[in-house]
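Below is one structure, written out as structure tokens; the observations come after it.
Residue numbers (the working numbering): 298 to 674.
Right under this line is the structure:
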């Protein structure tokens, strides 16, 4: 295999390209907008599922592999791009998980995950700015984060330096099929040919495929977030309470998120959500009442059932591959999913058993109108 086309230049598309390029494969990425400007840019960058014990073994295996290998990979990307993605092992403090404690502790024991109960003065020492109403928390120090906007910038420069052909503002329009095999992609800027084509279009992946083959059960799930302009030290760790998280950045900015909204492809932000997120942030860290909300934004996650991504060749069209449907975990499981896909593309032994991620009949539907994830995620 000499050439691969990737449709989509988010974190998934760019990481896939990076691994292929380092394996000696020529890569063209076709991106309808600009590299890394959709959900890849919008996410919080926590390198862990929020509540890992709620997820299936399929998600867990990808997450654990990614957590192990991210430090080295991000160091390489930083060195090659001269842009710091701000990988920080900030740790994560869980609050309000008493009802799930048995399940969480069982998960911790199974995967040898450090998970320490803290209360009273110990809790205040862990996070001094925490609301006094919190009496107990559970701390895991080995959870890291990246700063998504910096990550996508560094990754873009990295793959450009590695020799990728990045076609931005280019719309994929149709496939070139010869003798029941995919040979390339027709775009509004011409045709591109390759040995294999990978669709890594995030929330748009099903739309890209709908006219040609049965499609994955992937649909957009909007998430709104805000960021406070603060100083370093106001919050020291990622803090998670009732599904809301506070993420401290290196320069003192503090990210607060996030909503789950089923609004198709609408990325509109709303004042009521801004007020809700601000109030939730103050509930967790009262001092945030003294700081300004600098920005509000929304991203479209590629929602999928149970958050298990689709990774593999499409059964209806030879040479068509998919790597999409990572839902809320695009960063943490993205690295492993890309390595797994490249293993498949190159005929290598896979890093994990790939059966749970394959495009089996029960994971595909005939049209996007039949995809409703409201009760499935």
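All C-beta atoms in this analysis are idealised placements derived from N, C-alpha and C, irrespective of residue type, glycine included.
Looking only at its chain, what residues have a beta carbon closer than 7 Å to the beta carbon of residue i, apart from the 5 residues adjacent to it on each side?
i, result
"residue 355", "605, 653 and 654"
"residue 374", "382, 451, 452 and 455"
"residue 613", "510 and 511"
"residue 416", "432 and 433"
"residue 580", "428"
"residue 661", "511, 512 and 513"
"residue 405", "412"
Quick one: what does DSSP say residue i is sitting in, helix, strand or coil?
i, result
"residue 616", "coil"
"residue 377", "helix"
"residue 576", "helix"
"residue 521", "strand"
"residue 583", "helix"
"residue 621", "strand"
"residue 649", "coil"
"residue 421", "helix"
"residue 395", "helix"
"residue 383", "coil"
Could you tell me the boundaries of the alpha helix (DSSP H) in which residue i lies?
i, result
"residue 598", "Segment 589-601 is the beta strand (DSSP E) holding residue 598; no alpha helix (DSSP H) there."
"residue 406", "398-408"
"residue 637", "627-642"
"residue 427", "Note, residue 427: premise wrong, no alpha helix (DSSP H); not H, not E."
"residue 479", "Residue 479 -> not in any alpha helix (DSSP H); beta strand (DSSP E) instead, spanning 478-484."
If you follow the beta strand (DSSP E) that residue i is in, where does it begin and where does it stop?
i, result
"residue 437", "433-437"
"residue 609", "607-610"
"residue 416", "413-416"
"residue 533", "Run containing residue 533: none; DSSP gives neither H nor E here."
"residue 488", "487-490"
"residue 392", "389-392"
"residue 660", "Where residue 660 is concerned, there is no enclosing beta strand (DSSP E), given that its DSSP letter is neither H nor E."
"residue 553", "551-554"
"residue 541", "541-545"
Enumerate in chain order the residues of its own chain whose CB-to-CB distance from residue i is below 6 Å, with the five nearest sequence positions on each side excluded.
i, result
"residue 541", "577"
"residue 529", "549"
"residue 450", "380"
"residue 329", "468"
"residue 524", "550, 552, 591 and 592"
"residue 555", "520 and 522"
"residue 463", "326"
"residue 324", "301, 314, 317, 318 and 461"
Less than 7 Å between the CB of residue i and some heavy atom of the ligand FMN, yes or no?
i, result
"residue 610", "As for the ligand FMN, it is missing from this structure, which has no ligand bound."
Cutting at 8 Å between CB atoms, please list the residues of its own chain near residue i, excluding the five before and the five after it.
i, result
"residue 670", "514, 516, 518, 559, 600, 601 and 602"
"residue 320", "639 and 643"
"residue 565", "595"
"residue 634", "309, 359, 606, 608, 620, 623 and 654"
"residue 484", "327, 464, 467, 468, 469 and 470"
"residue 395", "433"
"residue 649", "358, 359, 362, 633 and 637"
Can the beta-carbon of residue i be found closer than 8 Å to that of residue j?
i, j, result
"residue 557", "residue 520", "yes"
"residue 620", "residue 608", "yes"
"residue 535", "residue 314", "no"
"residue 629", "residue 346", "yes"
"residue 401", "residue 350", "yes"
"residue 257", "residue 538", "Since the displayed the chain opens at 298 and closes at 674, residue 257 lies outside it and no answer follows."
"residue 306", "residue 385", "no"
"residue 656", "residue 647", "no"
"residue 298", "residue 493", "yes"
"residue 503", "residue 665", "yes"
"residue 717", "residue 448", "Any property of residue 717 remains undetermined from this structure, which presents the chain solely from 298 to 674."
"residue 437", "residue 388", "yes"
"residue 482", "residue 302", "yes"
"residue 597", "residue 335", "yes"
"residue 465", "residue 332", "yes"
"residue 627", "residue 378", "no"
"residue 322", "residue 632", "no"
"residue 339", "residue 445", "yes"
"residue 618", "residue 495", "yes"
"residue 443", "residue 582", "no"
"residue 497", "residue 304", "yes"
When the cut-off is 8 Å and only beta carbons count, does residue i lie next to chain D?
i, result
"residue 379", "Protein chain content of the structure displayed is limited to a single chain, and chain D is not contained in it."
Subject >> Continuous beta strand (DSSP E) assignments of at least 3 residues falling wholly in the region 441-471 >> reply: Taking only runs of at least 3 residues, the beta strand (DSSP E) segments lying wholly in the region 441-471 are 462-464.
Original post:
Which whole runs of the beta strand (DSSP E) in the region 303-376 are 3 residues long or more, in chain order?
Top reply: Complete beta strand (DSSP E) runs here, min 3: 323-327.
**OP:** Just list the alpha helix (DSSP H) runs in the region 490-515, keeping only unbroken ones of 4 residues or longer that don't cross its boundaries, in chain order.
**Re:** Entirely contained in the region 490-515, the alpha helix (DSSP H) runs reaching 4 residues are, in chain order, 502-506.
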